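Throughout the sequence shown, residue numbering follows this note's numbering, covering 5 to 163 in sequence.
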Amino acid sequence: MSFISDTEKSQFQAAYKVFFDTFKEDIVIHRRGKVQVVDVNISQLFGYEEPSAYGAGTYQNEPNHTYEIQNETFKGLVIYSSSQGHRNTSDFTYAEEIGANLIDGEIVIKVEEDCRKYLIDAKVERVDVGNKSYKLASKDSQVHKVITGYYFFKLEESK
Numbered sequence: 005m006s007f008i009s010d011t012e013k014s015q016f017q018a019a020y021k022v023f024f025d026t027f028k029e030d031i032v033i034h035r036r037g038k039v040q041v042v043d044v045n046i047s048q049l050f051g052y053e054e055p056s057a058y059g060a061g062t063y064q065n066e067p068n069h070t071y072e073i074q075n076e077t078f079k080g081l082v083i084y085s086s087s088q089g090h091r092n093t094s095d096f097t098y099a100e101e102i103g104a105n106l107i108d109g110e111i112v113i114k115v116e117e118d119c120r121k122y123l124i125d126a127k128v129e130r131v132d133v134g135n136k137s138y139k140l141a142s143k144d145s146q147v148h149k150v151i152t153g154y155y156f157f158k159l160e161e162s163k
C-alpha cells in the first residue's frame with residue numbers, strides 16, 4: 005500500500021511539468037565530434053605511389069576526412085550555489101540545500117530523460133549554460149520516486 009495514490013502521483017507529475025516548463029533554460033551539450041574518412045589517399049602510403057610522382061617535388065595531400073560537430077540544445081532547470089548571486093529557480097527546500105552544498109564555479113542541472121541519455125551515451129566535451137562553459141562533474145541521479153523522469157547532473161565551470 006502506498007501513501008500516495010496513482011492519481012495523486014499523476015497530478016503531482018503534471019504540476020511539476022508546468023513548473024519545469026516555466027523555469028527551464030537552454031542547455032547546449034557538446035559531444036566529441038565524429039571523424040569520418042571520406043577517401044583513402046593511397047599516394048600517402050609507402051609503396052603505393054605512382055612511378056611518375058617520384059622526384060616530382062613535394063605532395064600536397066588533400067583532406068580525406070570530415071569532422072562532424074556533435075551538439076544539441078536541451079531544456080533544464082539550473083541550480084546555482086548560494087554564493088554565485090543567482091536566485092535559484094525555486095524556493096523549495098531541496099533546491100536550497102543543493103545550492104548550499106555547491107562551491108563557486110559549480111552548478112546542478114535538472115534535465116529530462118532525453119537530455120540524460122544524450123549526456124551519458126557518449127563522451128561529453130562541454131556543457132554551455134548561459135554564457136559559461138562547464139564540464140560534467142558527476143553521474144546522473146534521479147530526483148525522487150514520486151515525480152519521475154527528471155535527473156540531476158553536477159557541473160564544474162571550465163576555466
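Cβ atoms here follow ideal geometry from the backbone N, Cα and C, with glycine treated the same way.
No experiment lies behind these values; they were computed from the predicted model shown.
Please report the distance separating the alpha-carbon of residue i from that of residue j.
i: LEU235; j: HIS69; result: The structure shown has nothing for residue 235, since the chain only spans 5 to 163.
i: VAL150; j: ASP125; result: 26 Å
i: GLY37; j: GLN74; result: 5 Å
i: VAL32; j: VAL133; result: 7 Å
i: PHE7; j: LYS163; result: 47 Å
i: LYS13; j: VAL39; result: 45 Å
i: LYS79; j: CYS119; result: 8 Å
i: LYS136; j: ILE83; result: 14 Å
i: SER9; j: ALA18; result: 14 Å
i: TYR20; j: THR152; result: 10 Å
i: THR97; j: THR11; result: Because the pLDDT of THR97 is 46, which lies under 50, any placement of that residue in the model is unreliable, and the number read from its coordinates should be weighed accordingly. Taking the straight line joining both Cα atoms gives about 25 Å.
i: LYS127; j: PHE24; result: 27 Å
i: VAL41; j: VAL22; result: 45 Å
Which residue wins for smallest C-alpha separation from residue i, given the options the options?
i: GLU161; options: THR152, TYR138, ILE151; result: TYR138
i: VAL112; options: LYS21, PHE156, ARG120, ARG130; result: PHE156
i: ASP30; options: VAL131, LYS13, LYS163; result: VAL131
i: LYS144; options: LEU159, VAL133, ASN135; result: One detail in the question is off: residue 144 reads as Asp in this sequence, not Lys. It is LEU159.
i: HIS148; options: VAL128, CYS119, LYS114; result: LYS114
i: GLU129; options: TYR154, HIS34, VAL39, ASP118; result: HIS34
Taking C-beta to C-beta, are residue i and residue j nearer than 8 Å?
i: ILE107; j: SER85; result: yes
i: GLU72; j: TYR122; result: no
i: LEU81; j: PHE16; result: no
i: TYR154; j: GLU116; result: yes
Identify whether residue i lies in helix, strand or coil by the three-state DSSP scheme.
i: VAL22; result: helix
i: SER85; result: coil
i: PHE3; result: Residue 3 is absent from the structure shown; the chain starts at 5 and stops at 163.
i: ASP132; result: strand
i: LYS149; result: coil
i: THR93; result: Because the pLDDT of THR93 is 49, which lies under 50, any placement of that residue in the model is unreliable, and the number read from its coordinates should be weighed accordingly. Here THR93 sits in coil by DSSP.
i: LEU142; result: The sequence as given places Ser at residue 142; Leu does not occur at that position. Correct three-state label for SER142: coil.
i: LYS13; result: helix
i: GLY61; result: Its pLDDT being 49, under 50, GLY61 is placed unreliably by the model, and the measurement read from it follows with that caveat. Of the three classes helix, strand and coil, the one that applies to GLY61 here is coil, per DSSP.
i: LEU123; result: helix
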